[in-house]
Structure formats: C-alpha cells, structure tokens
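Residue numbers (this note's numbering): 15 to 165.
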C-alpha cells in the first residue's frame, strides 16, 4: 500500500450558507473551486439548494483535509457537518473537477416530489449511521450522474 501522501479520501459534508447565493454568485464560486480543485487534484460534486450545500470531495487525503480546514474558516459557511468519510482506491467522480446542477431546474417540472429520491435536507442522516448515510449519498450520486450524462 502507498504512503499517507498517496492515500485517497472521499468525504461528504453539508453546510449552510451565511448569505444568499445568486446564480451569478454560484457560477463565480464554482469557477474558483474548479481551478483550486484541479490544482489540488480534487474531484467531486456540489449540490446547492435553498442556502444549503452538500459536497462530495475526493482526492489525496492531505488535500481533502486541507480544503476542509479552509472551508471551516470560510465565513460563507456555517454548521459544517462531515457526514461520511472513507479511504478510497478509485474516484467516483474522476472526470469531474466539480459537477453542479441546481435541483430546481434539473427536471423542468414544477413539483419537487417528481424527482426520484427527492429530499428536502440531509439533516436526518447521522454520521453514526454510515449505512443510511451512504445509501442516501449513493442515491444522490446516481441521480446526479444520470443527469450529467443526458446533457
């Protein structure tokens, strides 16, 4: 097995924005994140809805943990909660510097209930129950990847 520097980590966190993010704000944030993540060899996906973020980060463990330290100090986030983390051998989002899609525009429908696996929040998930958390996150990742392959 490789050294600690070679160890890959997948980490999922949720947070709440301390200020509203317009579409332009999100676009600017994503541009910066994609540049920084590419430099740090990080991939993943970001979901934003109603002032809440859910992000999957994957890459070298030191880079993932370094980004989490940066996010913890970022005044735009509050209530950061790590929901899941595990060492990985391969990435689920290898080709994604940071995928993103707004949930409210993803289907072109007016009803959120029409989204398979729709959830208002991930507040009900608990880090102490990794099985339920992982199931919900895998469902979200499948949904997100299926949307990405349609475009």
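Cβ coordinates follow ideal geometry from the N, Cα and C atoms, glycine included.
Out of curiosity, what's the CA-to-CA distance linking residue 92 and residue 30? 5 Å
Tell me whether residue 45 sits in a helix, a strand or coil according to DSSP, three-state version. helix
Residue 132 to residue 25, Cα distance in whole Å? In this prediction, residue 132 scores a pLDDT of 48, lower than 50, which makes its location untrustworthy; no coordinate-derived value is stated.
Would you say residue 56 and residue 77 are within 8 Å of each other, going by their C-beta atoms? Yes.
Using a Cβ-Cβ cutoff of less than 7 Å, which residues in the same chain neighbour residue 100 once the five nearest sequence positions on both sides are dropped? 24
Going by DSSP, which residues form a beta bridge with residue 69? 27, 60
Beta-carbon proximity check, residue 65 vs residue 34, cutoff 8 Å: yes
Coarse secondary structure for residue 84, derived from DSSP in three states: helix
Would you mind working out which of 87, 70, 84, 109 sits nearest residue 153, comparing C-alpha positions? 70
Just mark residue 150 as buried or exposed, buried being the case when its beta carbon has 16 or more other beta carbons within 10 Å. buried
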